[in-house]
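Just below is one structure, and these are the notes that go with it.
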Amino acid sequence: MNVTSIARFDEDLDARGLNCPLPILRTRKAIKPLETGALLRVLSTDPGSQSDIESFCKATGNELVSSQENSGEFEFIIRKN
Amino acid sequence: MNVVDKTNTKPSSDDLSPQQKDAMKRWVETLFEEEMKKREAAHTPSMAIIATKGTLDMAYPPFILASTGAALGWDVSIFFTFYGLLLLKKDIDAKVSPLGNPAMPMKMPMGPKWLQDMNITLPNAIPSLVPGFESTATALMKKTFKNKGVATIEELRELSIEADVRMLACQMTVDVYGFKHSDFIEGCEYVGAATFLPEAQKADVTLFI
């Protein structure tokens, strides 16, 4: 697994091995209790999650700080707004 | 610029020069866009789904879309009618049949990868003649879905309820098939078409599944 571009995150969600729509549902659940400005890292293997997480962030007003892929694994950093 | 005597004429856009008209148009457009953006930001999107099928393959779309819509912050309701009502039973006994489902690929959830990747479609004659084929097909689909990290119907239903998706049960279907309210999960609202339609009228997305 590659090193994240942001050194810290407040909460970590491992959604690897899960398929649509579970990565989004788990992300929603993980981000809900966080405080505004907190960073959530999400790991996934579902190729659809790349587009879905971006769309989720847009729809819910959260910020997708970074999104990267490393040999079939995806890593997202989301800032709660 | 035209100079007009305004003392005894009503103001009209004819009094304006083309440049003034243009500036006015741009100004109104900007105001309109700002107002629309404000309204859009304040608007909570909503979705109204009708679930009419009770088989395993058709049980997925309403719950996947409902739970995802709710995760996006939308107001979601599902109206369960006819065989779709069975998806609200305490124990979901949804099966899938390749019979009359000719495009359905059968997946082998075990064995070597080449076998698992194969999509086997069957002529209707086979599932209609082989006893117990439906249970086999259902078991194979459940296993394949599990292997691929897809949630179960029960899980997606639970997540939908947790996310405040409204579960509307068609009372007419309950009566026709002689069900009791105690057959169904807690939290269903037993309603008719007249409850669903005004809900669908306001919805941004309506789907018939």
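For the record, the sequence lines run as chains A and B. Position one of the first sequence corresponds to residue 1 (our numbering), numbered consecutively onward. Position one of the second sequence corresponds to residue 1001 (our numbering), numbered consecutively onward. From the three backbone atoms N, C-alpha and C, an ideal C-beta is built for every residue, glycine too.
Going along chain B, which residues have a C-beta under 9 Å from residue i?
i	result
residue 24 (chain A)	1067, 1068, 1071, 1072
Which residues in chain A sit within 8 Å of residue i, going by Cβ to Cβ distance?
i	result
residue 1064 (chain B)	20, 21
Taking residue i as the query, report the chain B residues whose CB atoms sit under 8 Å from its CB, ordered along the chain.
i	result
residue 17 (chain A)	1149
Using a C-beta to C-beta distance shorter than 7 Å, which residues of chain B count as neighbours of residue i?
i	result
residue 28 (chain A)	1071
What does the alpha-carbon distance come out to for the pair residue i and residue j?
i	j	result
residue 1164 (chain B)	residue 54 (chain A)	23 Å
residue 48 (chain A)	residue 1118 (chain B)	22 Å
residue 1146 (chain B)	residue 1159 (chain B)	17 Å
residue 43 (chain A)	residue 17 (chain A)	10 Å
residue 1073 (chain B)	residue 1055 (chain B)	28 Å
residue 1102 (chain B)	residue 1141 (chain B)	15 Å
residue 1154 (chain B)	residue 1059 (chain B)	10 Å
residue 1087 (chain B)	residue 1080 (chain B)	8 Å
residue 1047 (chain B)	residue 1203 (chain B)	5 Å
residue 1115 (chain B)	residue 1174 (chain B)	43 Å
residue 1136 (chain B)	residue 1070 (chain B)	34 Å
residue 75 (chain A)	residue 66 (chain A)	8 Å
residue 1050 (chain B)	residue 1068 (chain B)	16 Å
residue 1036 (chain B)	residue 1176 (chain B)	46 Å
residue 26 (chain A)	residue 19 (chain A)	11 Å
residue 80 (chain A)	residue 1161 (chain B)	24 Å
residue 1061 (chain B)	residue 1016 (chain B)	57 Å
residue 31 (chain A)	residue 1104 (chain B)	37 Å
residue 40 (chain A)	residue 10 (chain A)	6 Å
residue 1179 (chain B)	residue 35 (chain A)	46 Å
residue 1156 (chain B)	residue 46 (chain A)	17 Å
residue 1014 (chain B)	residue 1044 (chain B)	42 Å
residue 56 (chain A)	residue 1134 (chain B)	37 Å
residue 1057 (chain B)	residue 1170 (chain B)	21 Å
residue 52 (chain A)	residue 13 (chain A)	16 Å
Buried or exposed for residue i, going by 16 or more other Cβ atoms inside 10 Å?
i	result
residue 1032 (chain B)	exposed
residue 1126 (chain B)	exposed
residue 1026 (chain B)	exposed
residue 1208 (chain B)	exposed
residue 78 (chain A)	buried
residue 1151 (chain B)	buried
residue 1030 (chain B)	exposed
residue 1120 (chain B)	exposed
residue 1110 (chain B)	exposed
residue 1098 (chain B)	buried
residue 1096 (chain B)	buried
residue 1024 (chain B)	exposed
residue 1197 (chain B)	exposed
residue 1077 (chain B)	buried
residue 33 (chain A)	exposed
residue 8 (chain A)	exposed
residue 62 (chain A)	buried
residue 37 (chain A)	exposed
residue 21 (chain A)	buried
Using a Cβ cut-off of 9 Å, which residues of the segment 1138-1160 of chain B contact any Cβ in chain A, in chain order?
The segment 1138-1160 of chain B vs chain A, Cβ under 9 Å: 1145, 1148, 1149, 1150, 1151, 1155, 1156, 1159.
Ordered list of beta strand (DSSP E) runs contained in the segment 1104-1170 of chain B, each at least 3 residues:
Unbroken beta strand (DSSP E) runs of no fewer than 3 residues, entirely contained in the segment 1104-1170 of chain B, are found at 1166-1170, following chain order.
What residue ranges within the segment 17-77 of chain A form continuous alpha helix (DSSP H) runs of no fewer than 4 residues, ordered along the chain?
Runs of alpha helix (DSSP H) with 4 or more residues, each lying fully within the segment 17-77 of chain A, are found at 22-31, 49-60, listed in chain order.
Note down, in chain order, all residues in the segment 52-63 of chain A with a beta-carbon under 7 Å from any beta-carbon belonging to chain B.
Legend: CB atoms of the segment 52-63 of chain A lying less than 7 Å from CB atoms of chain B belong to residues 56, 59, 60.
Quick one: complete beta strand (DSSP E) runs, 3+ long, within the segment 1168-1199 of chain B?
Qualifying beta strand (DSSP E) stretches, in chain order: 1189-1191.
Which runs of the beta strand (DSSP E), 3 residues or longer, sit entirely within the segment 1047-1107 of chain B?
Counting only runs of 3 or more, we get 1075-1080.
Alpha helix (DSSP H) runs wholly inside the segment 1009-1042 of chain B, at least 4 long, in chain order:
Counting only runs of 4 or more, we get 1018-1042.
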